[in-house]
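1 is the number of the first residue of the sequence shown in this note's numbering; add one for each residue after it.
What follows is a short report on a single structure.
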Amino acid sequence: MKTQLSRRDWFKSTVALSAGFALSSSLVDKLMAAPMGKAEANFQIKGLSGKVRLNSNENPYGPSEKARQGIIQILSEANRYPFTSIEDFKILLAKKEGVTPDHIHVGAGSGDLLCQAGTTFGIEGGRILSCYPTFPLLMSYSQVFNAKWDKVDLNEKLEYNYDALASAIKSDTKLIFICNPNNPTGTLVDSQKVKSFCEEVSKKVPVYADEAYLEFLEPSLQVSMVDLVKKGMNVIVSRTFSKVYGLAGMRIGYLVAKPELIRQISKYGGDFPYSQTAIAAATATLGDEAFMAMVRSKNEVARKVLTDYLDQHKVMYGKSYTNFVFFPAQKDGKTILSKMEERGYLMRIWDYQQKEWCRVSIGTEDEMKGFVKAFADFV
Ligand SMILES: Cc1ncc(COP(=O)(O)O)c(C=O)c1O
């Protein structure tokens, strides 16, 4: 069994899988990009320039003014390693989450942290359990070490199926990965249900709760599993600045877990992957409620352009609480990808239950109007 990754292997998987789509054939080979379906495996994007990027769930409104100012102000310190800024940032995050700084681990995006956790729980083999489809990075990474990925289907509303997950735990299940709201479906499961699940199963198996899209929910629905961490449970929560905060290009995210788990996972972290600019941007924008409310409200309007189109054409879709929508492909996936690229729009195709599914990220309202028109033209 391969238990050590070279830096090159590490880089290849981390970058390609967290970028999450094929850039060009040579880069695909180099970066081991992870296609989500057969259609993507044989499809090469001809270039990103000038295209409307509805394929990576990016935020078209970020970064916020506060983040921009934070970056500008720190530039004069770009010659210094961020030894103190990272410690200050952890203190800030710990305060926000109501834990001590030894419960926090910062990474170059939450993708970085998913890779570290994938290594931690996959390195000795065994099984990682999740629903499918979901964000696959942790499981893909653990499979590098011959861990098996056990998948259970979503329910008929395309929601994470917690009952099915609970019954699929085996004696050698090392970790359960959950994602709420889930990518690629955008669906949400009631936080009480998720909490009860975590409370129960984490007595036997640690749970990794990916909360990348939590801030897309109305504040009253933003219930994090961090409460369970505070109770000392085996729950690992991951958060990112890439989505609502619009800082995907800065690469910054963090974990909240009990110190013992943080120590275990951070062993597999890179040398010192923090940048002054990313820390400054995240520090400046953390908790910027006005910016987040603006993003949520514009996203909702733009998302409605797509869901209205799907409603009119009686296409079912997962009820999305996020900046992407998941629905069955009306034509073969490869044709959709290439025809939409010709028209200037990038999107994703997933395979699930022997069918192809479209995942379309939500851009601005105008971009979505353009997308729907182009999509309707040929579908
Ligand atoms: C559910 C989920 N988790 C984690 C990530 C990784 O994001 P980042 O590495 O930019 O924090 C993504 C990116 O799309 C995601 O959808």
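A virtual CB, placed ideally from N, CA and C, is assigned to each residue, including glycine.
These figures come from a predicted structure and were not determined experimentally.
TODO: Compute every distance between the C-beta of Gly111 and the non-hydrogen atoms of ligand 1, then say whether any falls below 7 Å.
DONE: Within the cutoff, so yes.
Open item on the list: So for Pro63, helix, strand or coil by DSSP?
Closed with: In this structure, Pro63 counts as coil in the three-state DSSP scheme.
Task: Any non-hydrogen atom of ligand 1 closer than 7 Å to Ala94 Cβ - done: For Ala94, the distance from the CB to the nearest heavy atom of ligand 1 is not below 7 Å.
Task: Residues bridged to Asp351 [DSSP beta-bridge criterion] - done: Among the bridge pairs identified by DSSP, Asp351 is matched with Glu356.
Open item on the list: According to DSSP, Pro328 sits in a beta bridge with which residue or residues?
Closed with: Its beta-bridge partners are Trp357.
Task: Cβ pair Val360, Val305 closer than 8 Å - done: No.
Task: Boundaries (first-last residue) of the alpha helix (DSSP H) holding Tyr268 - done: Looking at the DSSP string, Tyr268 is not in any alpha helix (DSSP H), and its letter there is neither H nor E.
Open item on the list: Less than 8 Å between C-beta atoms, sequence neighbours within five positions excluded: which residues of the same chain meet that for Arg127?
Closed with: Short of 8 Å from the beta carbon of Arg127, and not among the five residues preceding or following it, lie these beta carbons of its own chain, in chain order: Ala147, Lys148, Trp149, Asp150, Lys170, Asp172, Thr173 and Lys174.
Task: Counted within 10 angstroms of its Cβ, other Cβ atoms place Gln276 as buried (16 or more) or exposed - done: Buried: at least 16 other Cβ atoms inside 10 Å.
TODO: Following the continuous alpha helix (DSSP H) through Ser309, name the residue where it begins and the one where it ends.
DONE: Looking at the sequence itself, residue 309 is Tyr, so the reference to Ser does not match. Segment Glu289 to Gln312, the alpha helix (DSSP H) holding Tyr309.
Task: Pairwise C-alpha distance: Gly125 and Leu27 - done: Reliability fails at Leu27, whose pLDDT of 29 lies under 50, so the model's placement of it is uncertain and the value that follows must be treated cautiously. Rounded to the nearest angstrom, the two C-alpha atoms are 29 Å apart.
- [ ] Note down, one range per segment and in chain order, each alpha helix (DSSP H) of at least 4 residues found wholly within the segment 220 to 247.
- [x] Entirely contained in the segment 220 to 247, the alpha helix (DSSP H) runs reaching 4 residues are, in chain order, 226 to 230.
TODO: Have a look at Asp29 and Val99 and give me their C-alpha separation to the nearest angstrom.
DONE: Note on Asp29: pLDDT 35, under 50, position unreliable in the model; the coordinate value appears next. Put simply, the backbone Cα of Asp29 is about 42 Å away from that of Val99.
Task: Asp190 - DSSP class collapsed to helix/strand/coil - done: Secondary structure at Asp190: coil, using DSSP grouped into helix, strand and coil.
Task: Distance, Asp311 Cα to Met139 Cα - done: Going by the C-alpha atoms only, they are around 34 Å apart.
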